[in-house]
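Shown next, in structure tokens, is the structure this report addresses.
Numbering (full-length UniProt numbering), first residue to last: 1 to 293.
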């Protein structure tokens, strides 16, 4: 996977955007992704194709059910049958650059269904935001998906299709855990701590903290970048694996009419050390302020 763009914060390499993952098997729903993503001190905070979920690809935009096509990878949840490996995997293909610098890229993509036909056209912007005063940086991801067909398209999830609590789909960050020599200390929001109180709920921000190899510590602070994203529930895992997503279709399908589009924006602060609630709240405000410049 050599087709990657390095992104920097100042003089420090902090992320790689793999824009043409042509070597990936079709069952992983090939798509552009960010990996590795690192703190300023070099601690990795993403995982790629881990043994527990090979279709988890660092930071990506992934949807388990778009009009019956799987853009998440792996098995599909089938009502009354459960998870099954189907021949329904879609592919996100890079369609050109709008901008490409050391700290930001803007790209065009096309989402092709299992039959090869185009379903969605996407504009994606990924930018590095410097937060030097706090000794960290932030990853700003914005995506706009436009229906490329003549019919309404429906985003769904396993939860929509009958699997309780599995409302994932949209922006997803797979953090390192367990087999990669790290562990997760936990997740918390402004008012609550732990998956039980965060999973499936909305919050102005959500933090995930972990332990790396040796004495290293890392924190990820996820902040909705606009009102539409703020209304999406969080998907949170810290047990069998560590991951956080902002979900497009938690309880009911999200339908995009022909010719129309949806947009979402997530800003993720990437920090060394373990954040506390007060520090996380301050950083979330700082990240939004910097992103508005």
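Just so you know, even glycine gets a beta-carbon here, dropped at the ideal spot from N, CA and C.
Quick caveat: nothing in here was measured; it's all calculated off a predicted structure.
Residue 106 versus residue 125 - alpha carbon distance: 4 Å
Contained beta strand (DSSP E) runs [length at least 3] in the region 189 to 229, N- to C-terminal order: 206 to 211, 217 to 224
Cβ-based neighbour list, residue 183, same chain, cut-off 8 Å, excluding 5 preceding and 5 following: 177, 210, 211
Ordered list of beta strand (DSSP E) runs contained in the region 103 to 178, each at least 3 residues: 104 to 112, 118 to 131, 136 to 147, 153 to 156, 170 to 175
Short Cβ contact (8 Å threshold) for residue 38 with residue 57: no
Uninterrupted beta strand (DSSP E) stretches inside the region 22 to 47 (no shorter than 3 residues): 33 to 37
Close-in-space but distant-in-sequence residues of the same chain around residue 139 (CB under 6 Å, 5 per side omitted): 268
C-beta atoms of residue 244 and residue 169 nearer than 8 Å: no
8 Å contact criterion, which residue 60 and residue 77 should meet: CB distance rounded: Contact doesn't hold; Cβ gap of about 19 Å is too wide.
Buried versus exposed call for residue 252 [16 or more other C-beta atoms within 10 Å across all chains shown]: exposed
Rounded straight-line distance, which links the Cα of residue 164 to that of residue 158: 8 Å
Residue(s) in a DSSP beta bridge with residue 18: 4, 33
Member of 221, 241, 229 whose CA lies at the smallest distance from the CA of residue 287: 221
Range of the contiguous alpha helix (DSSP H) that encloses residue 66: Per DSSP, residue 66 belongs to no alpha helix (DSSP H); it is in the beta strand (DSSP E), 59 to 66.
The region 81 to 92 / the region 111 to 118 touching (three or more Cβ pairs under 8 Å): yes
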